[in-house]
């Protein structure tokens with residue numbers, strides 16, 4: 004308001020000092036209003052449009068004004084086109100009529116230096132004529148008759164003489180200029196295309212154009228007389244449609260304003276209730292008789308607030324559950340092998356990541372007749388997966404430590420766990436047995452084992468994906484004959500990588516691609532010179548960059564071993 008008082012005060016002072024008459028007062032007032040608009044109009048518009056009701060009303064008014072202006076423009080354009088067509092038809096038709104009369108032998112004889120067979124206009128030294136040369140020259144003077152005729156009959160004012168035009172070397176050459184009568188009306192060019200001879204210049208021109216002043220009354224008068232190429236019926240139909248469209252547009256605008264006000268009332272009720280909920284009042288409810296989508300939204304709001312109140316009541320229970328999950332996670336981590344476990348001739352690194360605090364992906368190192376490395380992936384994720392994983396870990400520990408072979412241990416573990424897993428759960432498993440650099444590998448439906456040999460034949464490295472036949476635990480009651488093992492030897496520097504599908508099936512940022520086994524193998528090959536722990540760090544870093552997330556959508560376990 005301070006700016007308003009300052010501007011108004013300066014305006015009053017300027018009125019006292021500078022005003023010498025009405026014109027200076029008007030200019031000062033306009034300047035004052037413009038300055039007020041610059042300073043206050045944007046804020047006023049912003050304040051006005053803050054209300055949803057005002058926004059809807061404003062949008063409906065705009066949506067109605069623009070079609071109305073378009074209709075007015077189209078009607079005006081159509082009227083002008085009809086008026087121009089009507090005027091051209093009258094003038095050229097009159098000229099053609101006079102030419103027909105001259106061909107029939109009417110008109111007086113004249114003598115102009117024109118060629119035999121000439122038909123058209125002649126600008127003589129004493130006037131303007133229509134001439135036909137058929138053995139004899141017959142002419143009709145139009146500079147007196149033509150303007151008077153159209154003024155009397157149709158209230159059309161014509162400029163004389165017309166402008167003559169011709170083309171010379173690709174350029175338009177004109178003779179004369181239009182002279183308009185001091186008459187208010189619509190200026191319409193009328194073009195006559197035909198031979199025009201000028202005694203003044205001695206040249207033959209291609210045509211002439213007149214400037215005609217017409218008014219709507221002359222147009223209506225011509226229509227009523229039945230003249231023109233566009234009939235009065237078409238004009239009246241078009242005019243009727245324009246009026247009808249305007250009424251429809253007005254009805255639409257009125258309906259839009261009514262709907263906007265109705266919607267705004269519902270939104271205001273919702274806004275009030277939202278502010279109450281934000282303030283902590285979960286008892287607020289909206290009572291509305293509406294049966295439309297907004298009414299459904301208000302009803303959903305009531306249901307949401309009621310649900311929110313229930314969630315608040317359960318918040319303490321959820322907090323206690325989260326505490327218990329943390330305890331379960333600590334217990335699960337204690338089940339993993341300690342880092343001090345040493346495998347003769349092998350350097351290794353491993354980790355597990357759980358999607359929900361606890362998970363079913365794990366690895367274990369078991370000492371028996373050799374050193375066993377087990378990696379398992381229980382279907383699903385969460386607490387139940389971790390419990391089934393613990394059951395498998397205990398079973399394998401007992402079987403392998405007692406001297407069972409790989410196939411026998413997995414077959415017996417399946418027989419023991421099958422009744423508890425079916426029909427909703429199963430476990431995939433990779434099992435390795437290290438005897439110094441000799442390795443035996445069994446795969447029970449698990450992801451491939453990646454074997455990288457940095458120095459192979461002729462110094463070229465080799466990357467292998469081992470996928471021996473094998474079915475997951477818990478799918479069938481008896482795995483006898485459904486498992487196979489492969490054996491291979493490791494040379495110093497060779498690496499073995501085990502992982503769960505939480506890594507290989509990690510989705511990309513756009514969800515259109517998976518991280519994939521081949522990409523994991525390429526990363527292992529690229530960073531083979533680093534330590535196993537550093538390679539796993541690089542692997543996770545590239546996986547996070549690929550997926551655009553830090554927390555995995557599924558459990559992940561990784562084990563990487565390298566022969567010394």
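Numbering (my numbering), first residue to last: 4 to 567. Beta carbons are placed, not taken as given, at the ideal position from N, Cα and C, and that holds for glycine. In this text the structure is predicted, and so the values were computed from the model without any measurement.
What whole-angstrom Cβ distance do residue i and residue j have, given they're in contact under 8 Å?
i: residue 42; j: residue 6; result: 6 Å
i: residue 568; j: residue 489; result: No information on residue 568 is available, as it lies outside the stretch 4 to 567 that the chain covers here.
i: residue 352; j: residue 535; result: 4 Å
i: residue 420; j: residue 390; result: Contact flag wrong, Cβ pair sits at about 11 Å.
i: residue 378; j: residue 302; result: Not really, about 51 Å apart at Cβ, beyond 8 Å.
i: residue 93; j: residue 157; result: 6 Å
i: residue 607; j: residue 553; result: A query on residue 607 cannot be resolved here, the shown segment of the chain reaching from 4 to 567 and no further.
i: residue 615; j: residue 134; result: The displayed coordinates of the chain run from 4 to 567. Any statement about residue 615 would go beyond what the structure contains.
i: residue 195; j: residue 210; result: 5 Å
i: residue 47; j: residue 31; result: With 8 Å as the limit, residue 47 and residue 31 do not qualify as a contact, their Cβ atoms being about 22 Å apart.
Less than 7 Å between the beta carbons of residue i and residue j, yes or no?
i: residue 349; j: residue 417; result: no
i: residue 285; j: residue 306; result: no
i: residue 549; j: residue 511; result: yes
i: residue 91; j: residue 193; result: yes
i: residue 213; j: residue 150; result: no
i: residue 132; j: residue 167; result: no
i: residue 558; j: residue 393; result: no
i: residue 123; j: residue 24; result: no
i: residue 161; j: residue 152; result: no
i: residue 28; j: residue 20; result: no
i: residue 566; j: residue 493; result: yes
i: residue 538; j: residue 563; result: yes
i: residue 491; j: residue 458; result: no
i: residue 375; j: residue 436; result: yes
i: residue 216; j: residue 186; result: yes
Quick check on this structure: which residue in the options has the alpha carbon closest to the alpha carbon of residue i?
i: residue 109; options: 280, 388 and 101; result: 101
i: residue 188; options: 159, 195, 208 and 207; result: 159
i: residue 495; options: 289, 387, 531 and 481; result: 531
i: residue 373; options: 354, 75 and 409; result: 409
i: residue 280; options: 309, 99 and 111; result: 309
i: residue 84; options: 73, 291 and 190; result: 190
i: residue 478; options: 382, 498 and 436; result: 382
i: residue 272; options: 32, 282 and 289; result: 289
i: residue 471; options: 486, 480, 459 and 218; result: 486
i: residue 503; options: 143, 560 and 460; result: 560
i: residue 40; options: 175, 10 and 540; result: 10
i: residue 246; options: 45, 517, 75 and 514; result: 75
i: residue 519; options: 505, 528, 116 and 529; result: 505
i: residue 147; options: 134, 135 and 163; result: 163
i: residue 277; options: 304, 37 and 292; result: 304
i: residue 429; options: 250, 480 and 354; result: 480
i: residue 355; options: 380, 515, 375 and 111; result: 380
i: residue 482; options: 104, 206 and 431; result: 431
i: residue 388; options: 365, 406 and 407; result: 365
i: residue 346; options: 316, 427, 8 and 438; result: 438
i: residue 218; options: 314, 82 and 145; result: 82
i: residue 250; options: 70, 517, 473 and 270; result: 70
i: residue 497; options: 464, 33 and 513; result: 464
i: residue 291; options: 88, 282 and 270; result: 270
i: residue 2; options: 155, 515 and 540; result: No answer is possible for residue 2: the residues shown for the chain start at 4 and end at 567.
i: residue 315; options: 283, 515, 299 and 344; result: 283
For residue i, would you say it is in contact with chain D, using Cβ-to-Cβ distances shorter than 7 Å as the test?
i: residue 393; result: The structure shown contains no chain D, having only a single protein chain.
Practice task
Inspect the CB distances between the segment 396-404 and the segment 363-376 and report whether three or more fall short of 8 Å.
Solution key: They touch, by the three-pair rule.
Exercise for the section: Ignoring anything shorter than 3 residues or poking outside the segment 158-189, list the beta strand (DSSP E) runs there in chain order. Expected result: If one requires a minimum length of 3 residues, the beta strand (DSSP E) runs lying completely within the segment 158-189 are 166-171 and 174-178, in chain order.
Practice task
State whether the segment 441-453 contacts the segment 518-525, with contact taken as three or more CB pairs (one from each stretch) at a distance under 8 Å.
Solution key: Segment contact: the segment 441-453 against the segment 518-525, three or more CB-CB distances shorter than 8 Å; contact assigned.
Handout entry: Validate contact between the segment 401-413 and the segment 434-447 using beta carbons, cut 8 Å, 3 pairs
Key = A contact exists between the segment 401-413 and the segment 434-447.
Problem - Runs of alpha helix (DSSP H) wholly within the segment 399-471 (minimum 4 residues, chain order) - result: Unbroken alpha helix (DSSP H) stretches of 4 residues or longer found wholly inside the segment 399-471: 409-424, given in chain order.
Exercise for the section: Evaluate contact between the segment 197-204 and the segment 122-141, counting only Cβ atoms and requiring at least three cross-stretch pairs below 8 Å. Expected result: Contact between the segment 197-204 and the segment 122-141 is present, because at least three Cβ pairs lie under 8 Å.
Practice task
Specify whether the segment 137-146 and the segment 166-177 touch according to this definition: at least 3 beta carbon pairs, one from each stretch, less than 8 Å apart.
Solution key: Between the segment 137-146 and the segment 166-177, the count of Cβ pairs shorter than 8 Å is below three; the stretches do not touch.
Practice task
At 3 residues or longer, and completely inside the segment 483-512: list those beta strand (DSSP E) runs for me, N to C.
Solution key: Segments of the beta strand (DSSP E) lying fully in the segment 483-512: 488-492 and 498-502.
Problem - 3 or more residues per run - each beta strand (DSSP E) lying fully within the segment 539-567 - result: The DSSP assignment places 559-566 as complete runs of the beta strand (DSSP E) inside the segment 539-567, in order along the chain (cut-off: 3 residues).
Exercise for the section: At 3 residues or longer, and completely inside the segment 101-140: list those beta strand (DSSP E) runs for me, N to C. Expected result: Counting whole runs of 3 or more residues, the segment 101-140 contains the beta strand (DSSP E) stretches 122-126 and 131-137.
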